[in-house]
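Novice:
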Amino acid sequence: MPSTTTTQAQLAAIAAGFSGSTEYATLYAGQSNTQIVNNLHLNLFGRAAEPAGLTHWAGRLTAGSETFASLALQLTYSAQGTDAAAIANKVSAANAFTAEINTVLEKAFYHGTVSAASARGWLATVTDSVASLATATSASTLAAAVAAATGFHTQAAAVFDATSAHVFTTDGVTDVGANDITLVGIDTIAGNHLTFA
């Protein structure tokens, strides 16, 4: 997701790279030019393309006057009114989402089409309204969005006392009969205390 300091040249490079990515193939490959234009409007602005604009941009794609990358940039740069507000809000939300992915495990597990689809679903809730941005970027909603996209939930640090029934070993695994528990994020092992976050 782009940062607030991303330049126009950087955005152009990002868009060009996206058109050859797996995510692009999943979202847009195989669609007609009309479908591509309409879906770009839905993803960028949260609304369908207007009939005149749909015909115009689809025609430019067909003629080769625009590529997917250049069209995405044209729509973004020419956005006005509520469309411009929607873009600004989505960029702010995307920055907040990126900042929230701040642990080693979250960064490692945010990848692939499943994570991307989860993030898109959350970002789709952001519209041109201030309220939609505030809701999407609230602490609880952001945490839930990151957890859904990465598969990890932030937990308060916990301390377990080892007993004969729960024997913790330095490999981070404890055998409790038929149920094996694997612990990740272990911070310390001191005496019979194991602390992890």
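Numbering-wise, the numbering used here comes out as the position in the sequence shown, counting from 1, plus 369.
From the three backbone atoms N, C-alpha and C, an ideal C-beta is built for every residue, glycine too.
#1: If we ignore side chains and look at the alpha-carbon of each, how far apart do F478 and A513 end up?
#2: Would you check if the distance between the CB atom of A427 and the CB atom of V406 is smaller than 8 Å?
#3: So what does DSSP say about R429, is it helix, strand or coil?
#4: Does DSSP put V515 in a helix, a strand or coil?
#5: A488: which of T519, A500, A441 sits nearest, CA to CA?
#6: Which two residues bound the contiguous alpha helix (DSSP H) that contains R489?
#7: May I have the straight-line CA-CA distance separating D497 from A398, to the nearest angstrom?
#8: So L396 and A465 are supposed to be a Cβ contact under 8 Å. How far apart are they, rounded?
#9: So, are the CB atoms of A417 and L411 less than 8 Å apart?
#10: Roughly how many angstroms lie between the CA atoms of E475 and A516, to the nearest whole one?
#11: With distances taken from CA atoms, which of A432, T403, G415 is nearest A421?
#12: Taking Cβ positions, are N458 and L502 nearer each other than 8 Å?
#13: Taking its Cβ as the centre, do 16 or more other Cβ atoms sit within 10 Å of E419, making it buried, or is it exposed?
#14: Check whether the Cβ atoms of W491 and A468 lie closer than 8 Å to each other.
#15: In whole angstroms, what is the alpha-carbon distance linking S484 and T472?
#16: Report the three-state DSSP secondary structure of V406 (helix, strand or coil).
#17: Could you name the residues of the same chain whose beta carbon sits closer than 6 Å to that of T451, not counting the 5 residues immediately before and after it, in chain order?
#18: What are the boundary residues of the alpha helix (DSSP H) that E435 is part of?
#19: Since V495 and A448 should fall inside the 8 Å C-beta cutoff, what is the C-beta to C-beta distance between them, to a whole number of angstroms?
Specialist: This is what the structure holds:
#1: Translated into positions along the sequence shown, residue 478 becomes position 109. Translated into positions along the sequence shown, residue 513 becomes position 144. Each residue's alpha carbon lies about 15 Å from the other.
#2: Mapped onto the sequence shown, residue 427 falls at position 58. Mapped onto the sequence shown, residue 406 falls at position 37. Yes, Cβ-Cβ distance for A427 and V406 is below 8 Å.
#3: The residue labelled residue 429 in the question sits at position 60 within the sequence shown. When secondary structure is reduced to three states using DSSP, R429 falls in the helix class.
#4: Within the sequence shown, numbered from 1, the residue matching residue 515 stands at position 146. Note: V515 maps to helix in three-state DSSP.
#5: Along the sequence shown, one-based indexing puts residue 488 at 119. Among T519, A500, A441, the Cα nearest to that of A488 belongs to T519.
#6: As a first step, residue 489 is located in the sequence shown; it is residue number 120 there, counting from the start. Start and end: 481–492.
#7: Counting from 1 along the sequence shown, the entry for residue 497 is found at position 128. Counting from 1 along the sequence shown, the entry for residue 398 is found at position 29. If I take the Cα positions, the gap works out to 28 Å.
#8: Within the sequence shown, residue 396 is the residue found at index 27, counting from 1. Within the sequence shown, residue 465 is the residue found at index 96, counting from 1. 23 Å between Cβ atoms; not a contact.
#9: Walking along the sequence shown from the start, residue 417 turns up at place 48. Walking along the sequence shown from the start, residue 411 turns up at place 42. Against a cut-off of 8 Å, the Cβ pair of L411 and A417 comes out as a contact.
#10: As a working mapping, residue 475 is identified with position 106 in the sequence shown. As a working mapping, residue 516 is identified with position 147 in the sequence shown. Between E475 and A516, the C-alpha separation is close to 8 Å.
#11: Taking the sequence shown and counting its residues from 1, one reaches residue 421 at position 52. The shortest C-alpha separation from A421 is found at T403.
#12: Your numbering for residue 458 matches position 89 in the sequence shown. Your numbering for residue 502 matches position 133 in the sequence shown. Cβ distance < 8 Å, so N458 and L502 count as in contact.
#13: Within the sequence shown, residue 419 is the residue found at index 50, counting from 1. Exposure of E419 is indicated by the presence of fewer than 16 other C-beta atoms within 10 angstroms of its C-beta.
#14: Within the sequence shown, residue 491 is the residue found at index 122, counting from 1. Within the sequence shown, residue 468 is the residue found at index 99, counting from 1. In terms of Cβ geometry, W491 and A468 do not form a close pair [threshold 8 Å].
#15: Position 115 of the sequence shown, counted from the start, is the residue given in the question as residue 484. Position 103 of the sequence shown, counted from the start, is the residue given in the question as residue 472. Each residue's alpha carbon lies about 16 Å from the other.
#16: Residue numbering aside, residue 406 sits at position 37 when the sequence shown is read from its first letter. Of the three classes helix, strand and coil, the one that applies to V406 here is helix, per DSSP.
#17: Here residue 451 refers to the residue found at position 82 when the sequence shown is read from its first residue. Within the same chain, Cβ atoms closer than 6 Å to the Cβ of T451 are found at D497, the five residues on either side in sequence being excluded.
#18: Reading the sequence shown from its first residue, position 66 is the one you call residue 435. First-last for E435: undefined, no H or E at that position.
#19: Taking the first residue of the sequence shown as position 1, residue 495 is located at position 126. Taking the first residue of the sequence shown as position 1, residue 448 is located at position 79. The Cβ separation is near 14 Å, so there is no contact.
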